[in-house]
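**Student:** In the UniProt record's numbering, the protein residues as written are 1 to 706.
Cβ coordinates follow ideal geometry from the N, Cα and C atoms, glycine included.
I have a structure here, written as structure tokens, and I will follow up with some questions on it.
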Amino acid sequence: SGSNQRLEDHIKLHHLQQIMHEFFLHTSDDLLVPQPPGHFSGKLRRRIPGSMNLEEFKDTIFRVLGTDEYDDYLEKLFVKLDTLSDGFVDWNEFCTHLLLLYRENDYLHTKCDLPFVEEAKIRHIIHNKQEQTSKIVAVHSPVRYVTISKEGSLCVWHPNMTVDKHYVISDLGDDQKRRFRMWVTDAVYMKNCEKIAIGSTSRDIRFYDVSSSQYFEEYHLFALADVPYCFDYYYNNQQPNTESILIFGVDTGAIHLLTFLKPVTQLFETPFKNDGGVQKVYMQDIASHNTWVRHHVIAAVHPEMIKQVRFLPDNEAIISASASPKSTIVICDIFGVKKSYVFRIEKGVECFDHNKNLNLLATGSGDHVVRLWNPYVTNSPIATLSGHVTGIIGVVLHEQFKQVFSYSKDAVIKVWDTKEHRCLQTISLKFPSSLNGRIPEHGQFPVHLQEAPHSAFILTCNDFIASLRLGRPEENTAHTETTHDTQLCCAIYNKLLKQVVTGCDSSNIAIWDVETGTKSVVFPNAHDGEEITCLTFDQTCRRLISAARNGTVKVWNFHNGHNLHVLENVGEAEVTGTIHLPDQKVILTMGWNRMILSYDDSDPENKYLPAKTSWKGGQLHKDDILSSDYAPPNFLATASYDGEIIVWEADTERVYLRLRKGQPPSISQKLDAMKTTMVDGRPGTRSSGRSRPNSRHRTSHRVEQG
């Protein structure tokens, strides 16, 4: 409905320019102000050019936007804009309101928690025998991390970074006869059939079954024409036993596709004589396995070794990367029908990541730079993120956080905002292997992002593994969304503008729209870090009066957060109540100084308001004033810690009646008071001391950190 439509959410730049033009050209007749009886005629009041009343304002918006759907909202907006309460608004008021609103919206959109708030867990992979890890693979049901070393050691880890088990890739003694040792290049988890495919420099792919607690090698595809250097795997979530594709890039620049027809049943043809050991499949005989698998090659995608591949199922394309400056990133159609997208980067790339929902391609290069691209705009990146001092070897896009995690050769992680293109966090990992001057060594794929619920960033360096949890420790427990960084201390409602104002212990004041639940304005650090103790509106509901624990009181323009007045502080004691008396044009404060103080509020130009301590009825409270209330037009009530309640006449400042007399303190209270005096050397208020109590915490405490 129209009442829920926010003009600010739909207005565009050209609309703003038209509205500004309308304001500047707007002229109207002077107003006839009625005069008291006995005068012959009314008095003309001149209207300032460019000021509009409500009907003129609504008419202007209607002409610019061509719709009256915002009429209900415009009436509420007009009340907010009319800061002088004279029934008119001008361009400055309209523009200031929009600026504050957009600034706050921008702050809320860009404000984000740092992804890493806990120390990294770093563990030694003893079974690697000082060799670096080539790949980290996460298997499911239950979740385990599998690290595969360069020389073929598989180590299985619990998510808490304790070792579960380990295996060694066996070559049945063949390695002894070879001149060169086998090195693992990459591996990928085939989730639907619960297998891990592992490639090596021996030009083979081994398929390990990981469906049970004991992993075992099931198939060995050997005698490939080239070295399978990088993998990706795709299957249909809804129909896991239908066609799935194992994609691998080779050292000659070609891309191979193995399409498994019924992967859950089996991957390759099974011989009649099955001795129960590893089934060997000769690559040249792959055509004879066509009941279960098809092989397809996309030749010469790159002029040199392919470093990484990624399958895009929605448009049946493959992203591949190489170090070649002429064809660094290529997005090619697997059938060769559609045109390829070729990205050229002078230094090539070491790694990339792609996210369909963010519509982003992130690349990391040896020139220390992370680049963000639109996947279908090849001529220039959206953003160039500089800050690393060594080459980038790992880059990951986090869709939910809208962030990029990049990892460089010197074991430094940087977190980047994908919209603001700025660095949010930098973490330097202290791997023990690199502390003694040893240069960090990494495999080709040193990073892995684990999704919720485990939510972790896993990295390897030399023969060590590190795990960084994403988010706060309580993230996976029952969690209630908070609106403030520390505990709230007060909340009041503005009936005129239908907004709620909240104050918290970190000295921030926030204004919330009741109908939408959005935060409209924030007064950050309103009282220089001191806890807010009370909030009040004046009679017009257009000025906000706030008080703090150290005795400071400030008056604010409620619409734009401008500080109008600062009230003189008496005694540096907590203020527990502020009251505005409109007829007398006076602000009253009371609190732990046990006094009722008055401040002259008649001059809007006077920023600093001195305190008047000479309350005519006398300062009768013997203990801290904790509560107060005002019943217009003339009654004021105050209550103190000792139980005394006094009702005053506001106009005469005299006692109207005493509802309850204060109780004398007990012996133990007197002793406590004496101790307080001895410790901080100041008699009187209980609010003394560095970690003093307040009206909500009667014992000493420190501010809880949000």
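From this set, 360, 328, 358 and 221, which residue's C-alpha is nearest residue 347's C-alpha?
**Tutor:** Residue 347 has its Cα closest to that of 328, out of 360, 328, 358 and 221.
**Student:** CA-CA distance, residue 374 and residue 310?
**Tutor:** Whole-angstrom Cα-Cα distance: 16 Å.
**Student:** From the DSSP output, in three-state form, read off residue 339 for me.
**Tutor:** It is coil, neither helix nor strand.
**Student:** To the nearest angstrom, how far is it from the Cα of residue 659 to the Cα of residue 589?
**Tutor:** Approximately 21 Å, taken between the alpha carbons.
**Student:** Closest to residue 182 by C-alpha separation, out of 194, 189 and 169, would be which residue?
**Tutor:** Out of 194, 189 and 169, 169 has the C-alpha closest to the C-alpha of residue 182.
**Student:** Output the distance between the C-alpha atoms of residue 340 and residue 284, rounded to the nearest integer angstrom.
**Tutor:** Whole-angstrom Cα-Cα distance: 29 Å.
**Student:** At the level of alpha carbons, what is the spacing between residue 596 and residue 494?
**Tutor:** Straight-line Cα distance between these residues: approximately 25 Å.
**Student:** I'd like to check one pair, residue 253 with residue 303: are the Cβ atoms closer than 8 Å?
**Tutor:** Yes.
**Student:** For residue 626, which residues of its own chain have a beta-carbon under 7 Å away from its beta-carbon, when the five flanking residues on both sides are left out?
**Tutor:** Taken in chain order, the residues that qualify are 576, 639, 640, 641 and 695.
**Student:** Output the boundary residues of the beta strand (DSSP E) element that contains residue 319.
**Tutor:** 317-322 is the extent of the beta strand (DSSP E) around residue 319.
**Student:** Using the three-state DSSP reduction, which class does residue 124 fall into: helix, strand or coil?
**Tutor:** Residue state, collapsed to three classes: strand.
**Student:** Within 10 angstroms of its Cβ, does residue 119 collect 16 or more other Cβ (buried), or is it exposed?
**Tutor:** Looking at its Cβ environment, which holds fewer than 16 other Cβ atoms inside 10 Å, residue 119 is exposed.
**Student:** What three-state label does DSSP hand residue 193 in the structure shown?
**Tutor:** If DSSP states are grouped into helix, strand and coil, residue 193 belongs with coil.
**Student:** Return helix, strand or coil for residue 373, following the three-state DSSP convention.
**Tutor:** In this structure, residue 373 counts as strand in the three-state DSSP scheme.
**Student:** Once DSSP output is grouped into helix, strand and coil, what is the label at residue 23?
**Tutor:** Helix, per DSSP.
**Student:** Can you check which of these residues, 266, 646, 467 and 637, is closest to residue 125 by C-alpha distance?
**Tutor:** Nearest option by C-alpha distance: 467.
**Student:** Have a look at the DSSP bridge pairing and note the partners of residue 313.
**Tutor:** DSSP output for residue 313 lists no bridge partner at all.
**Student:** Leaving out the 5 sequence neighbours to the left and right, which residues in its chain are closer than 7 Å to residue 342 when beta-carbon positions are compared?
**Tutor:** Once the five neighbours on either side are set aside, the close Cβ partners of residue 342 are 327, 330 and 378.
**Student:** Does the structure place the region 219-231 close enough to the region 239-257 that three or more beta carbon pairs sit under 8 Å?
**Tutor:** Yes: at least three Cβ pairs fall under 8 Å.
**Student:** Taking only three categories from DSSP, how would you classify residue 76?
**Tutor:** Of the three classes helix, strand and coil, the one that applies to residue 76 here is helix, per DSSP.
**Student:** Could you tell me the distance, in whole angstroms, from the CA atom of residue 477 to the CA atom of residue 455?
**Tutor:** In this prediction, residue 477 scores a pLDDT of 41, lower than 50, which makes its location untrustworthy; the coordinate-derived value is nonetheless stated afterwards. Rounded to the nearest angstrom, the two C-alpha atoms are 13 Å apart.
**Student:** Give the secondary structure of residue 413 by DSSP, where H, G and I count as helix, E and B as strand, and everything else as coil.
**Tutor:** Residue 413: strand per DSSP, three-state reduction.
**Student:** Note down, in chain order, each residue of its chain lying with its Cβ closer than 6 Å to the Cβ of residue 54, except the 5 sequence neighbours on either side.
**Tutor:** Only 78 meet the Cβ criterion.
**Student:** Spatial neighbours of residue 519 within its chain, please: C-beta separation below 6 Å, excluding the five flanking residues on both sides.
**Tutor:** Cβ within range, chain order: 510 and 512.
**Student:** May I ask which residues mark the beginning and end of the alpha helix (DSSP H) holding residue 58?
**Tutor:** Note, residue 58: alpha helix (DSSP H), 54-65.
**Student:** What residues are listed by DSSP as bridge partners for residue 165?
**Tutor:** Partner(s): 156.
**Student:** Please work out which residues of its chain come closer than 8 Å, Cβ to Cβ, to residue 179, disregarding the five sequence neighbours upstream and downstream, and give them in chain order.
**Tutor:** Note that residue 179 scores a pLDDT of 47, beneath 50, so its modelled location is shaky and nothing firm can be said.
**Student:** Given that a residue counts as buried once 16 or more other Cβ atoms are within 10 Å of its Cβ, and exposed if not, what is residue 135?
**Tutor:** Buried: at least 16 other Cβ atoms inside 10 Å.
**Student:** Hey, quick one: how far does the beta strand (DSSP E) through residue 8 stretch, first residue to last?
**Tutor:** Residue 8 -> not in any beta strand (DSSP E); alpha helix (DSSP H) instead, spanning 7-10.
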